[in-house]
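S.K.:
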Amino acid sequence: MALDRLTGENSVLFVRSEQLFDTARRNSLWYLLFGIACCAIEMMHAGGPRFDFDRFGIFHRGTPRQSDVMIVAGTVNKKMAHTVKRLYEQMPNPKWVIAMGACASTGGPFRMYPNVVLGVDQVVPVDVYVPGCPPRPEALQYGFMQLQEKIRSTSEERLAARRDRA
Amino acid sequence: MTADQVKRAADAIAAEGTLVAPKVPTGLRRVPGGVDALATEHLVVNMGPQHPSTHGVLHILLELDGEEIIAAEASLGYLHRGIEKLAEHRRYHQIGTLLDRADYVSGFHTEWAYSMAVERLAEIEVPARAEWIRALMSELNRIASHLLWLGTFGMDTGAMGPFLYIMRDREALLDIFETVSGARMMFNYVRPGGVVMDFPLQAEPLIRAFLDTWDGYLDEYHDLLTGNEIFRPRVKGIGVIPRSTAVAFGMTGACLRGSGLPWDLRKTRPYGPYAELDFEVPLGTTGDNWDRYMVRMEEMRWAARLARQLLDGLPEGDFTAKVPKVLRPPAGEVYAAVESPRGELGVHILSDGSDVPYRLRLRSPALFNLSVVDEVLPGSLIADAVVTVGSLDIVLGEIDR
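Listed in order, the protein sequences are those of chains A and B. Using the working numbering, read the first sequence as starting at 1 and increasing by one per residue. Using the working numbering, read the second sequence as starting at 167 and increasing by one per residue.
#1: Could you have a look at B:LEU245 and say whether DSSP puts it in helix, strand or coil?
#2: Would you say A:LYS71 lies against chain B (beta-carbon separation less than 8 Å)?
#3: By Cβ distance below 8 Å, which residues in the same chain neighbour B:VAL190 in space, the five residues on each side in sequence not counted?
#4: Looking at the strands, I want to know which residues DSSP matches up with B:GLY509.
#5: If you compare alpha carbons, which of B:GLU395, B:ASP444, B:GLY419, B:LYS491 is closest to B:ARG458?
#6: Measuring straight from C-alpha to C-alpha, what distance separates A:HIS45 and B:GLU337?
#7: Under a Cβ-count criterion, where at least 16 other Cβ atoms within 10 Å of its own Cβ denotes burial, should B:LEU209 be classed as buried or exposed?
#8: Please report how far the alpha carbon of B:GLU564 lies from the alpha carbon of B:TYR270, in whole angstroms.
#9: I'd like to know whether the C-beta of B:ARG196 is nearer than 8 Å to at least one C-beta of chain A.
#10: Going by beta-carbon coordinates alone, are B:VAL361 and B:PHE485 separated by less than 8 Å?
#11: Using beta-carbon positions only, say whether B:TYR258 and B:PRO358 come within less than 8 Å of one another.
#12: Mapping DSSP to helix, strand and coil, what is B:ILE373?
#13: According to DSSP, A:ASN174 sits in a beta bridge with which residue or residues?
#14: List, in chain order, every chain A residue whose beta-carbon is nearer than 8 Å to that of B:ALA263.
#15: Could you give the distance in angstroms between the alpha-carbon of B:ILE396 and the alpha-carbon of B:VAL211?
#16: For chain A, is any of its Cβ atoms less than 8 Å away from the one on B:VAL271?
#17: Report the option in A:ALA40, A:LEU87, A:PHE14, A:LEU32 whose CA atom is closest to the CA atom of A:GLY132.
#18: Within the 8 Å Cβ cut-off, does B:ILE565 reach chain A?
#19: Using only the alpha-carbon positions, how far apart do A:ASN27 and B:VAL489 sit?
#20: Taking DSSP's pairing of strands, which residues face A:ASN77 in a bridge?
#21: Of the residues A:ARG16, A:GLY108, A:ARG111, A:PRO125, which one's Cα is nearest the Cα of A:LEU87?
#22: Can you tell me where the alpha helix (DSSP H) holding A:ARG170 begins and where it ends?
#23: Distance check for B:LEU384 and B:MET463, CA to CA, integer angstroms please.
#24: Can you find a C-beta in chain A that's less than 8 Å from the C-beta of B:GLU297?
#25: Would you mind stating whether B:GLY232 and B:HIS225 have Cβ atoms separated by less than 8 Å?
#26: Please report how far the alpha carbon of B:PRO507 lies from the alpha carbon of A:PHE21, in whole angstroms.
#27: In this structure, does DSSP put A:GLY35 in helix, strand or coil?
#28: Give the C-beta separation of B:PHE329 and B:SER304 to the nearest angstrom, bearing in mind that I take them to be a contact with Cβ-Cβ under 8 Å.
#29: Indicate the three-state DSSP secondary structure (helix, strand or coil) for B:ARG466 in the structure shown.
#30: Less than 7 Å between the CB of B:PRO496 and some heavy atom of the ligand MG, yes or no?
#31: If I measure Cβ to Cβ from B:GLY483 and keep anything under 8 Å in the same chain, skipping five residues before and after, which residues do I get?
#32: My parser needs the alpha helix (DSSP H) runs of 4 or more residues fully inside the region 394-444 of chain B; what are they?
#33: Using three-state DSSP, classify A:MET43 as helix, strand or coil.
#34: Does DSSP put B:ASN212 in a helix, a strand or coil?
#35: At a Cβ threshold of 8 Å, is A:GLY119 touching chain B?
#36: List the residues of chain A that B:LEU252 touches, going by C-beta distances under 9 Å, in chain order.
Written out as structure tokens, the structure is:
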């Protein structure tokens, strides 16, 4: 956020620290580089030069310890579910989860098969569902914008609740 | 491939002898003289299922002595989602949707293998135009698949740059796929009997524009990686798969040709229009990572030349045969295979005469190619394991199915 555009040159901006932190958080959503199945290819395209998520501060990290967002890109089966849960637990707070594609949302075309988890929300809490099989990178981009909106609105709700109490 | 070449290859395999035992070092202690305090212990490391270099959800158990790998074992099943079983409950026209998601990087090849099997079973005559469209899209898909491999292989060896470049070309290819089939990845375009809709007029200039720039782009990749002084020592002489091992493990595709065996289904058992086309099969010599890399790079060049031949010679006519809405092939058994970017991708169908297959099995080339890690990784360093696994070009969706 270009602060000087809001405040003018050499001026002061009064802001709640958590609002400032949330602004920083939603503009640097680092996701865990963790592709499970087909959707991972579209996730890689999203990081590629045409869609270039880097311009939103959305960049991949190889380890859960440095990530803010987990994109579950693919079918989660019962063997994989333990790993997904463990990776989610290894991520530091605050953290968010995007269920990318039909499989991660509901089980998708494989939901008839008993080995497949019917949506990753049975394993970890999901913030944004992106439909599609696989979703286009534009759809994932829209999902990220929804997540940014969610982060913004929750911090504002929290502040409003505190004002009401005061 | 001529009969002479086959005989020479067979002789070479016979000369190399049979499979050797895994190279497990016998002495566990590094320090001689019985200094127990300094003796080393073996460490078991789980590589994956979440690891940026395992290309999906592969899990390899590595037993290490220091930096050296003593034993390796691939653990599969993290993406098992029952594609073969679900196919037993789908009608013949609906199965393509599932098989697209098996090998999600080269959908046209999987669809083609399946359609070929159904056509042989139901004795459907496919129009020439349909076969040529299939081959054209398959060759473009081969470039797209190899490009994805090139980007990730670059990342495995520590080069981030090629990944960003290949995405530029892949986007151009995906635009072509979208124009032709309507989807970027899950095409479901090749159906039993032909293709689902005719080759659109607006696709031809797109393909020509891509092919015109392609050779220059491929040279650019050679500039980025092939001559790179950091890249070359990471791949040359590393991960050597002798020809006898490659054959014993049933490896196919670029991994087998990297070991020097000229086996390409497009040449050895020509299907579709490949008998009428003019192309060569690039070969390696020693079977190390470098050879597999060079074979794939050359395959991309030949795939583009094939695509140009196919586009120039695209025959007129119907794009699909007359196929009933509900296909009930006669009872029987059939196997059909195509040369996918990873190797021999086969579909085996057992029919009982009903509208669904009694059993459908996929012969997944990446599974056979991957099985060699138990044999090849022991003796190498842990950093080289990443490169060797990367050079096999695996797709877990197809391995686990």
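The C-beta atom is built at its ideal place from N, Cα and C for all residues, glycine as well.
M.R.: Quick answer:
#1: Coil, per DSSP.
#2: What sits at residue 71 of chain A in the sequence shown is Ile, not Lys. With its beta carbon at least 8 Å from every one in chain B, A:ILE71 lies outside the interface.
#3: Reliability of the predicted coordinates at B:VAL190 is poor, the pLDDT of 47 falling under 50, and no value is obtained from them.
#4: As a beta-bridge residue in DSSP terms, B:GLY509 pairs with B:SER506.
#5: Of the candidates B:GLU395, B:ASP444, B:GLY419, B:LYS491, B:GLY419 places its Cα closest to the Cα of B:ARG458.
#6: If I take the Cα positions, the gap works out to 8 Å.
#7: Looking at its Cβ environment, which holds fewer than 16 other Cβ atoms inside 10 Å, B:LEU209 is exposed.
#8: Each residue's alpha carbon lies about 8 Å from the other.
#9: In this predicted model, B:ARG196 has a pLDDT of only 45, less than 50, meaning its place in the structure is not dependable; the value taken from the coordinates is given anyway. B:ARG196 is outside the set of residues whose beta carbon lies under 8 Å from a beta carbon in chain A.
#10: A contact, by the Cβ cut-off of 8 Å.
#11: Contact flag set, yes.
#12: Helix, per DSSP.
#13: Nothing about residue 174 of chain A can be read from this structure; chain A reaches only from 1 to 166.
#14: Note that residue 263 of chain B corresponds to Thr in the displayed sequence, not to Ala. Those are PRO109, listed as they occur along chain A.
#15: Near 26 Å, if we compare the C-alpha coordinates of B:VAL211 and B:ILE396.
#16: So yes, B:VAL271 belongs to the interface.
#17: Residue A:ALA40 is the option with its Cα nearest to A:GLY132.
#18: Interface with chain A (8 Å Cβ-Cβ cutoff): B:ILE565 is excluded.
#19: Near 53 Å, if we compare the C-alpha coordinates of B:VAL489 and A:ASN27.
#20: Beta-bridge pairing by DSSP links A:ASN77 to A:VAL116.
#21: Cα-wise, what sits closest to A:LEU87 is A:PRO125.
#22: Here chain A comprises residues numbered 1 to 166, so residue 170 of chain A is not present and cannot be evaluated.
#23: Cα to Cα, the separation comes out at about 8 Å.
#24: Residue contact with chain A for B:GLU297: absent (no Cβ-Cβ distance below 8 Å to any residue of chain A).
#25: Contact: no.
#26: Cα to Cα, B:PRO507 sits roughly 47 Å from A:PHE21.
#27: If DSSP states are grouped into helix, strand and coil, A:GLY35 belongs with the strands.
#28: Cβ-Cβ separation between B:PHE329 and B:SER304: approximately 24 Å, too far for a contact (criterion under 8 Å).
#29: Residue 466 of chain B is actually Met in this sequence, not Arg. In this structure, B:MET466 counts as helix in the three-state DSSP scheme.
#30: For the structure depicted, the ligand MG is absent and the ligand set is empty, with no information on it obtainable.
#31: In its chain, beyond the 5 residues on either side, PRO293, ALA294, ARG295 have a beta carbon closer than 8 Å to the beta carbon of B:GLY483.
#32: The qualifying runs are 397-401, 409-414, 420-424, 431-434.
#33: Secondary structure at A:MET43: helix, using DSSP grouped into helix, strand and coil.
#34: In the displayed model, B:ASN212 falls within a strand according to three-state DSSP.
#35: Interface annotation, A:GLY119: not in contact with chain B, CB-CB separation never under 8 Å.
#36: Ordered by position in chain A, the residues that pass the 9 Å Cβ test against B:LEU252 are PRO109, PHE110, MET112, TYR113.
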